[in-house]
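Below: one structure, written as structure tokens.
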Amino acid sequence: MAKELTTREENYSEWYNELVVKADLAEHSAVRGCMVIKPHGYGIWERMQRTLDDMFKETGHQNAYFPLFIPKSYLSKEAAHVEGFAKECAVVTHYRLKNDPNGGGVIVDPEAKLEEELIIRPTSETIIWNTYRGWIQSYRDLPLLINQWANVVRWEMRTRLFLRTAEFLWQEGHTAHATSEEAVEETLRMLDVYADFAENFMAMPVIRGVKTESERFAGALDTYSIEAMMQDGKALQAGTSHFLGQNFAKAFDVKFANKEGVQDYVWATSWGVSTRLMGALVMSHSDDDGLVIPPKLAPIQVVIVPIYKGEEQLMQISEKVLPLVKSLKAHGITVKYDDLDTKKPGWKFAEYELKGIPVRIAIGPRDLENGTAEVARRDTKVKESMPLDGIESRITALLEDIQSNLFNKAKAFMEEKSTRVDTYEEFKKVLDEKGGFIYAHWDGSSETEQKIKEETKATIRNIPLDNPKEDGVCIYSGKPSTQRVIFARAY
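So my numbering is basically just the index in the sequence shown, starting at one, shifted up by 45.
Here it is, written out as structure tokens:
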């Protein structure tokens, strides 16, 4: 009973908060606004990390690591960048503690004040571009394709596990190019990598698009995003890729000699996804009984639970199951055999359902006699009896079916929750009663965008890259428009 969740219909926000904790993904830490990612949650993040890392390396990128601390003066060199992050920065002012002479524990040593304050990285453009100045002299040094796996700090007052925390884990790519065209190509390539990962591994359909000027990354010329839809009809930005132009190269004087020997500033990109993807994964597929994890990202894809009475029956079952475990692993399937006698099978079934294990196999004495096993899939909760002989190929096919089923279900939901509107009244009605993505005309002005946001709390998520041109009028101002954009309330 302690594991029962608030239903999504009752309170979607509470359902999410409870599920993250009860499914052992993460918990709040003693440090306000920060989280502890527990082994089950970190196992999913590791699968994400390994997959993305392979995809980055396939596109020619290498990993490096840059300091956690950034001199304050660096953030002053790119005006838009510092303005975008100034309110979120954690600042280190001293480098030593000492015992309180009044017996109050330790205090900051006032004599240990830093000559220049250090910023705990909210993002690494400044420290990386200062470093690149020493790495790049000629067109022969380009392109420079670097990725970093790291933690960052953005001081948040209102936090939610995975979705918004003061410290979170992420990757940030930072690349340098000889031409604008190469940098734009890189920006879009990495957007496609993120979309590929979201759809083919997370089973989460996304819309690729470019952000409006007011939604751009601080210091970027263009920001592209992938936008996903959660089960409550709200949007979630799942990844961003930025064309930075020459802004950071000029700020940090990163020049190169081109093929004609002429000095020029390099062209830049940056791109990143974070542990926010964990929140997206939870909200895309899970149900009122717990997590639903796509097989490609599940740390444990198959769990085998023996049903037995007494040590002798367990030994008989184990004699059959242990070779099966080895065989499943040989087929590339991650599997756990839970033969611990401290919990009953019913408790284990509920626990693995809560944790979203894609496939559960139960084997008892009668199954051994019949040469079968009961196989339950987490996504549909359908159970079937399968012959043990050749079960490895059936389980492989089942995992593939679960993966595709989750994507197709999420895509159908996104399509059902996407609406075209032509008037502001219709826009507000759909937003309040249906939610989801709303495709509407917008006049292109930041003023109109801000007014709509203030009045409805809906933002322009992006302008889809595959947007067809379509003459119309802005739903708010009535001014001419040439294409629809996507509005939604969002996380």
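For glycine and all other residues, C-beta sits at the position ideal for the given N, C-alpha and C. Bear in mind that the values here come from a model prediction, so they are computed numbers and not experimental data.
Label G179 either buried or exposed according to how many other C-beta atoms from any shown protein chain fall within 10 Å of its C-beta, with 16 as the threshold for buried. Within the sequence shown, numbered from 1, the residue matching residue 179 stands at position 134. G179 should be labelled exposed.
How long is the line joining the alpha carbons of T220 and V65, rounded to whole angstroms? Counted from its first residue, the sequence shown places residue 220 at position 175. Counted from its first residue, the sequence shown places residue 65 at position 20. The straight-line gap from Cα to Cα measures roughly 35 Å.
For R405, which three-state DSSP category applies? On the sequence shown, position 360 is the one that residue 405 refers to. Correct three-state label for R405: strand.
Applying the 10 Å Cβ sphere with the 16-neighbour rule, what's the burial state of H376? To locate residue 376, count along the sequence shown from 1; it is residue 331. Exposed, by the Cβ-count rule.
Strictly by DSSP, which residues pair up with T537? For the chain, the structure presents residues 46 to 536; residue 537 sits outside this window and is missing.
Give the secondary structure of I436 by DSSP, where H, G and I count as helix, E and B as strand, and everything else as coil. Numbered from 1 along the sequence shown, position 391 holds the residue referred to as residue 436. Helix at I436.
Is it true that the region 190-197 meets the region 290-310, where meeting means three or more beta-carbon pairs spaced less than 8 Å apart? no
Rounded to the nearest angstrom, what separates L322 and E54 at their Cα positions? Taking the first residue of the sequence shown as position 1, residue 322 is located at position 277. Taking the first residue of the sequence shown as position 1, residue 54 is located at position 9. For L322 and E54, the distance between alpha carbons rounds to 23 Å.
For L367, which residues in the same chain have their Cβ closer than 6 Å to its Cβ, ignoring the five residues on either side in sequence? Here the question's residue 367 lines up with position 322 in the sequence shown. Counting only Cβ-Cβ distances below 6 Å, and skipping sequence neighbours, we find nothing.
Could you tell me which residues DSSP pairs with V197 in its beta bridges? One-based indexing of the sequence shown puts residue 197 at position 152. According to DSSP, which records beta bridges pairwise, V197 is partnered with F213.
In the region 46-110, which residue ranges form an unbroken beta strand (DSSP E) of at least 3 residues, counting only runs that do not cross its ends? 71-73 and 80-82
Output the distance between the C-alpha atoms of S315 and S449, rounded to the nearest integer angstrom. Taking the sequence shown and counting its residues from 1, the one referred to as residue 315 is at position 270. Taking the sequence shown and counting its residues from 1, the one referred to as residue 449 is at position 404. Their Cα atoms are separated by approximately 31 Å.
Segment limits, beta strand (DSSP E) that includes Y239: Position 194 of the sequence shown, counted from the first residue, corresponds to residue 239. Careful: Y239 lies outside any beta strand (DSSP E), inside the alpha helix (DSSP H) at S225 to N245.
Is the separation between the beta-carbon of L142 and that of V127 shorter than 9 Å? Reading the sequence shown from its first residue, position 97 is the one you call residue 142. Reading the sequence shown from its first residue, position 82 is the one you call residue 127. No; because the gap between Cβ atoms is not below 9 Å, this pair is not in contact.
At least 3 beta-carbon pairs within less than 8 Å: the region 97-117 vs the region 253-262: no
If you compare alpha carbons, which of E170, K393, T387 and L342 is closest to V350? Taking the first residue of the sequence shown as 1, we reach residue 350 at position 305. V350 has its Cα closest to that of K393, out of E170, K393, T387 and L342.
Starting from V350, trace the beta strand (DSSP E) both ways and give me its first and last residue. Working through the sequence shown from its first residue, we reach residue 350 at position 305. Segment V347 to P351, the beta strand (DSSP E) holding V350.
Nearest candidate by alpha-carbon position, reference T468, set I345, G523 and K341: Stepping through the sequence shown from its first residue, residue 468 is reached at position 423. Ranking I345, G523 and K341 by Cα distance to T468 puts G523 first.
Inspect the CB distances between the region 455-466 and the region 428-443 and report whether three or more fall short of 8 Å. no
Going by C-alpha distance, which of I505, D386, G284 and G401 is nearest Q216? The residue you call residue 216 lines up with position 171 of the sequence shown. That would be G284, whose Cα lies nearest to the Cα of Q216.
If V348 and I408 are in contact, beta carbons under 8 Å, what's the gap, nearest whole angstrom? Here residue 348 corresponds to residue number 303 of the sequence shown, with the count starting at 1. Here residue 408 corresponds to residue number 363 of the sequence shown, with the count starting at 1. Going by Cβ atoms, the distance from V348 to I408 rounds to 12 Å, so no, they are not a contact pair.
Sorted by chain position, which residues of the same chain lie with C-beta nearer than 7 Å to Y521's C-beta, five sequence neighbours on each side aside? Taking the first residue of the sequence shown as position 1, residue 521 is located at position 476. The answer, listed in chain order, is Y469, T493, K496 and I497.
What alpha helix (DSSP H) runs, 4 residues minimum, are completely inside the region 311-398? 321-330 and 355-375
So the alpha helix (DSSP H) P509 belongs to, where does it begin and stop? For the purposes of this step, residue 509 is identified with residue 464 of the sequence shown, where counting begins at 1. Here P509 belongs to no alpha helix (DSSP H); instead the beta strand (DSSP E) covers T504 to P509.
Using a Cβ-Cβ cutoff of less than 6 Å, which residues in the same chain neighbour V530 once the five nearest sequence positions on both sides are dropped? Numbered from 1 along the sequence shown, position 485 holds the residue referred to as residue 530. Cβ neighbours of V530 beyond the five flanking positions: W487, I505 and I508.
How many Å lie between D412 and P432 at the Cα? Reading the sequence shown from its first residue, position 367 is the one you call residue 412. Reading the sequence shown from its first residue, position 387 is the one you call residue 432. Near 9 Å, if we compare the C-alpha coordinates of P432 and D412.
Would a check of beta-carbon distances place E156 closer than 9 Å to chain D? Within the model displayed, chain D is absent; a lone protein chain is all it includes.
Which residue's Cα is closest to the Cα of L236: K256, Y269 and K381? As a position in the sequence shown, residue 236 is number 191, starting the count at 1. Closest option to L236, Cα to Cα, is Y269.
Under DSSP, the alpha helix (DSSP H) around P410 begins and ends at which residues? Here residue 410 corresponds to residue number 365 of the sequence shown, with the count starting at 1. Taken as a continuous stretch (DSSP letters only), the alpha helix (DSSP H) holding P410 covers P410 to N415.
Cβ atoms of P340 and I164: under 9 Å apart, would you say? The residue you call residue 164 lines up with position 119 of the sequence shown. The residue you call residue 340 lines up with position 295 of the sequence shown. The answer is no: Cβ separation not under 9 Å.
Among residues of its own chain, excluding the 5 on either side of T176, which ones have a beta-carbon nearer than 7 Å to its beta-carbon? To locate residue 176, count along the sequence shown from 1; it is residue 131. Within the same chain, T176 has close Cβ partners F111.
Is it buried or exposed, P84, if we count other Cβ atoms within 10 angstroms and call 16 or more buried? The sequence position of residue 84 within the sequence shown is 39, counting from 1. Answer is exposed; the Cβ neighbour count stays below 16.
Out of Y61, G78, R77 and K102, which has the shortest C-alpha to C-alpha gap to L70? Walking along the sequence shown from the start, residue 70 turns up at place 25. Checked all of Y61, G78, R77 and K102; the closest Cα to L70 is Y61.
Ranges of the alpha helix (DSSP H) found wholly within the region 253-303, counting only runs of at least 4: 292-296
Taking the beta carbon of L385 as the centre, do at least 16 other beta carbons fall within 10 Å, making it buried, or is it exposed? Within the sequence shown, numbered from 1, the residue matching residue 385 stands at position 340. Exposed, by the Cβ-count rule.
Count the other C-beta atoms from every protein chain shown that fall within 10 angstroms of the C-beta of Q282, then say buried if there are 16 or more, exposed otherwise. Here the question's residue 282 lines up with position 237 in the sequence shown. Q282 should be labelled buried.
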